[in-house]
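If you count by our numbering, then the sequence shown holds residues 5 to 168, one letter each, in order. For reference, the structure discussed in these notes is given below.
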Amino acid sequence: MDEMVAILDEDNHVTGAVPRSVMRRDNLRHSATGVVVLNPAGQIYVHRRTATKDVYPGRYDFAAGGVVAAGEDPFHAVVRELDEELGIAGVELTRLPEGDYADENTRYHAYLYTCVWDGPVRHQPEEVAWGAWMSPAELVAKFDEWSFMPDALALLGPYVRSLV
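Put into structure tokens, the structure is as follows:
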């Protein structure tokens, strides 16, 4: 089923809702979430997206998150996405500055967070193909070697670099 996505104007006001497929096809501005997951040792959870993802398939990422559904509160969306993608629930989320991202594949307003998790990570098989913990320095070294999500690099790369 094609989920409904809230569409935003340039001032981040909801102007309507369309099916996700239409949002992707027309590259309509929407809301999305992202959360950097750290463990108590300060390592960051890095994962590779599956080849079936609708945008940036097979790329590496260091944030769990996704599109905010029509009528969904962004905070509830980040909680939902973190649980769906990585099986992480019941954590304290710390807000990071919000941001905007746009390229030829996607345009959105980002609600960004970080959290600390000291438990097992359970991948959603439709979304996550591989994952591992990396120190911030190891992750930053991979920025030039691996094909990462360009939005994660733009929006959360500076935060990760500040941890090195």
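C-beta: ideal position from N, C-alpha, C; glycine also.
Cβ-Cβ distance between residue i and residue j below 8 angstroms
| i | j | result |
| --- | --- | --- |
| Y64 | W150 | yes |
| P140 | G46 | yes |
| T118 | V59 | no |
| L32 | H113 | no |
| V125 | L90 | yes |
Between the CA atoms of residue j and residue i - distance to the nearest angstrom
| i | j | result |
| --- | --- | --- |
| F152 | Y105 | 15 angstroms |
| R1 | D15 | Because the chain in this structure spans residues 5 to 168, residue 1 falls outside the shown range and cannot be described. |
| V18 | R99 | 22 angstroms |
| L167 | L160 | 11 angstroms |
| L157 | A145 | 13 angstroms |
| R24 | A74 | 10 angstroms |
| I48 | Q128 | 18 angstroms |
| R28 | V95 | 31 angstroms |
| N43 | V22 | 37 angstroms |
| F147 | G123 | 26 angstroms |
Cut-off 8 angstroms between Cβ atoms - residues of its own chain near residue i, not counting five sequence neighbours on either side
| i | result |
| --- | --- |
| V72 | V9, A10, H34, S35, A36, T37, P78, A81, Y115 |
| E102 | H113, A114, Y115, L116 |
| G62 | R52, R53, T54, A55, A133, S151 |
Supposed close pair residue i, residue j - CB separation, criterion 8 angstroms
| i | j | result |
| --- | --- | --- |
| A133 | V50 | Not quite, the Cβ-Cβ distance comes to about 12 angstroms (not below 8 angstroms), so this is no contact. |
| T188 | E7 | A query on residue 188 cannot be resolved here, the shown segment of the chain reaching from 5 to 168 and no further. |
| V164 | I92 | Between I92 and V164 the Cβ distance is about 18 angstroms, and since that is not below 8 angstroms, they are no contact. |
C-beta neighbour in chain C for residue i, strict 8 angstroms
| i | result |
| --- | --- |
| P78 | In the structure shown, chain C cannot be found, because there is only a single protein chain. |
Spatial neighbours of residue i in its chain, beta-carbon cut-off 7 angstroms, leaving aside the 5 residues before and after
| i | result |
| --- | --- |
| W107 | The sequence shown places Asp at residue 107, rather than the Trp named in the question. Excluding sequence neighbours, D107 sits near P154. |
| R138 | Looking at the sequence shown, residue 138 is not Arg but Met. The residues are Q47, I48, V50. |
| G20 | I11 |
| A67 | G38, V39, V40, A156, L160 |
Proximity test, residue i beta-carbon vs the ligand MG heavy atom, cut-off 7 angstroms
| i | result |
| --- | --- |
| D122 | The ligand content of the structure shown is nil, which means the ligand MG is not present either. |
When you compare the stretch 76 to 88 with the stretch 31 to 40, are there three or more beta-carbon pairs, one atom per stretch, that lie closer than 8 angstroms? At 8 angstroms Cβ cutoff, the stretches touch.
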